[in-house]
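Colleague: There's a structure below that I have some questions on.
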Amino acid sequence: MTPSTTTTHMISAIVFIVATLLPCPTNGAGGRWQFLTPSIGISAMHMQLLNNDRVIMFDRTDFGTSNISLAPGKCPAGAKDCSAHSVEYNVATNKFRPLTVQTNVWCSSGSVMPDGTLAQTGGSFEGERRVRLFKPCVNNNCDWQEVNLGLAKSRWYSTNHVLPDGRQIIIGGRKQFNYEFYPKTTDPNVHDLPFLAQTNDKGIENNLYPFVFVNVDGNLFVFANNRAILLDYLKNQVVKTYPQIPGGDPRSYPSTGSAVLLPLKNIQTKNVEAEVLVCGGAPKGSFTEASKGKFIQALNTCARIKITDPNPNWVLETMPLARCMGDMTLLPNGNVLIINGAGAGTASWELGRNPVLNPVIYRPENKIGSRFETQKPTTIPRMYHSTAVLLRDGRVLVGGSNPHSNYEFTNVLFPTELSLEAFIPSYLERPNLRPVIVLPGSQTKVKYSQKLTIRFRVMGNNVDAKSVKTTMVSPSFTTHSFSMNQRLLVLTPTGQVKKIGGMMYQVEVNTPASANLAPSGLM
């Protein structure tokens, strides 16, 4: 299976063509790793792919002096030093440049707005009510712009999601059992959410960075700790309460697991089904025990639920490796990559042990018992504060890992990691056979309920027309083991794939019918 990509409307979505070639090539089992650079100067605690094929990364302003200096004249007023704590990484050139953040972005959140601007919200200390905007450019002259008091409440360990109308909703955070919107609405802009107080374990929390997804009916699926609700955020009403995950172990920060909304299929039908997969985490009491120096094995289960079912129930599955602090990335072929993390302990400073070096592929279409496949290992532990994002070329960019309150490079179990590497799934083992999208061009604007013609070229072998699949992926804002705003849609073809001459093929697909399926900016 080999993907190809183009972009639609400011790369808030990436379109992939996935096809099987005849005769079917033998994929390299387990994928492979590509080391990209030993240091970007900071530890990639937060990541977001933008529409110009650049990735914005940042850590925190009080880690100490980083390994990359700001450009002359860019030093913030009152700064203790002139080192950068944010960078822009150019995927095509494998180079990076420093960016300037004025206030602390530690453990913050964000999403890309419909016009392609990254809106980052909150942080810690003086940055907890700031909004920071980064508008992509091609001339390297763009930088962060800060909005003082852009938020109504302090937001630290919150979750963002783009809504069908293009706004962002910011949910929760430390001691914040509520949600608000950006851009701000007319007062009141803050709405209480008792569910967050109900899922707060006293002295531990276990409900930070809640897992949030827009359901196909436009309501929000909100998961915290070990259970979930369906929220009508406009009326501030809980319209459905989901059962607790069997066993009741926490899956949210600091017992950090991860979650994805599985690919949305058959999106032209009246009743589109939606499923959520939650994987990993830590058993009850793990955070308290880790604080005492006892590191309990992480959870080795995933829980899957059809959130559109009238009577939904969780189904447990066993992973090949126990994992907390893992990242879950939707791949263009509809599979899920589970990567990074630890086999024991929890999130927070110094509390993780037993790095899990092997990624795992989860195939949601397979039968239970045959969905997981262990991949080839990295050599670099990616523990607390590591990240992973899907790139337009189908690789997964991996960075970060700093389980310390400062930059620590020696005499520690897991040194601060400044490097970047890429995991290359097996569908890219033969890049010369990768489909290349010719039409539409990059950043083409696409409307709802539109017929979209995609023309692609494949070198050499013939394409198995029945295997061709067109998928649309929303790039995520990734931090603390959760990829906010991540979404994959399988676009419905209107007919058969046509060979139109030589190595050129064409397929016509229907775009999603509503913003509930593809929130504003995804299209």
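With mature numbering (1 follows the signal peptide of the UniProt record, and there is no 0) as the guide, the letters of the sequence shown map in order to residues -28 to -1, 1 to 495.
All residues carry an ideal CB built from backbone N, CA and C; glycine is no exception.
Predicted, not measured: the structure shown is a model, and the values here were computed from it.
1) Quick check: the segment 435 to 444 against the segment 455 to 464, are there 3 or more CB pairs under 8 Å?
2) Could you check which residue in T72, R199 and T9 has the C-alpha nearest to that of N285?
3) Taking just the CA atoms, how far does I311 sit from D346?
4) Can you tell me which residues form a DSSP beta bridge with L97?
5) From Y225 to A437, what does the alpha carbon distance come to, in whole angstroms?
6) Report yes or no: do the segment 214 to 221 and the segment 301 to 316 share at least 3 C-beta pairs separated by less than 8 Å?
7) Which class does Y399 belong to by DSSP, given the choice of helix, strand or coil?
8) In or out: S258 buried (at least 16 other Cβ within 10 Å) or exposed?
9) To which residues of the same chain is E480 closer than 8 Å at the C-beta, ignoring the five residues directly before and after it?
10) Within 10 angstroms of its Cβ, does F7 collect 16 or more other Cβ (buried), or is it exposed?
11) The alpha helix (DSSP H) that contains P166, what's its start and end?
12) Rounded to whole angstroms, what is the Cα-Cα separation between S398 and Y379?
13) So, with DSSP's three-state summary, where would you put E380?
14) From S446, V384 and K470, pick the residue whose C-alpha is nearest to that of V430; which is it?
15) Just to check my reading of the structure: residue 535 and A270 have Cβ atoms closer than 8 Å, yes? What is that Cβ distance to the nearest angstrom?
16) Got a sec, what are the start and stop residues for the alpha helix (DSSP H) S263 sits in?
17) Who does E345 pair with in a DSSP beta bridge?
18) Starting from Q415, follow the beta strand (DSSP E) in both directions and report where the run begins and ends.
19) Roughly how far, in whole angstroms, is the beta-carbon of H357 from the beta-carbon of P375, given that I think they are within contact range, below 8 Å?
20) Spatial neighbours of T280 within its chain, please: C-beta separation below 6 Å, excluding the five flanking residues on both sides.
21) Taking all protein chains shown into account, decide if W128 is buried (16 or more other Cβ within 10 angstroms of its Cβ) or exposed.
22) Using the C-alpha atoms, what's the distance from M19 back to F153?
23) Taking the continuous beta strand (DSSP E) assigned at I(-15), which residues delimit it?
24) Taking the alpha carbon of P387 as the reference point, which residue from I268, G88 and S11 has its own alpha carbon closest?
25) Do the CB positions of L329 and P353 come within less than 9 Å of each other?
26) Is the beta carbon of L165 less than 9 Å from the beta carbon of I143?
27) If you compare alpha carbons, which of S58, A1 and E118 is closest to P349?
28) Have a look at M300 and F428 and give me their C-alpha separation to the nearest angstrom.
29) Quick one: what does DSSP say K207 is sitting in, helix, strand or coil?
30) With a Cβ-Cβ cutoff of 9 Å, do L363 and V134 count as a contact?
31) Roughly how many angstroms lie between the CA atoms of H(-20) and F97, to the nearest whole one?
32) Compare the C-alpha of A254 against each of K212, L203, G315 and I277 and name the closest.
33) Quick one: grab the DSSP three-state call for L180.
Modeller: In this structure, then:
1) yes
2) R199
3) The question names Asp, yet the displayed sequence has Thr at residue 346. Using only the alpha carbons, I get a separation of about 10 Å.
4) Sequence check: residue 97 is Phe here, not Leu. Bridge partners of F97: none, in fact.
5) 44 Å
6) no
7) helix
8) buried
9) K423, L424, T425, I426, P465, T466 and G467
10) exposed
11) P166 to Q170
12) 34 Å
13) coil
14) K470
15) In the structure as shown, the chain begins at -28 and stops at 495. Residue 535 is therefore absent and cannot be evaluated.
16) S258 to S263
17) I333
18) Note, Q415: premise wrong, no beta strand (DSSP E); not H, not E.
19) 7 Å
20) E245 and A246
21) buried
22) 21 Å
23) A(-16) to A(-10)
24) S11
25) yes
26) yes
27) A1
28) 29 Å
29) coil
30) no
31) Because H(-20) sits at a pLDDT of 38, beneath the cut-off of 50, its placement in the model cannot be relied upon, and the point is left open.
32) G315
33) strand
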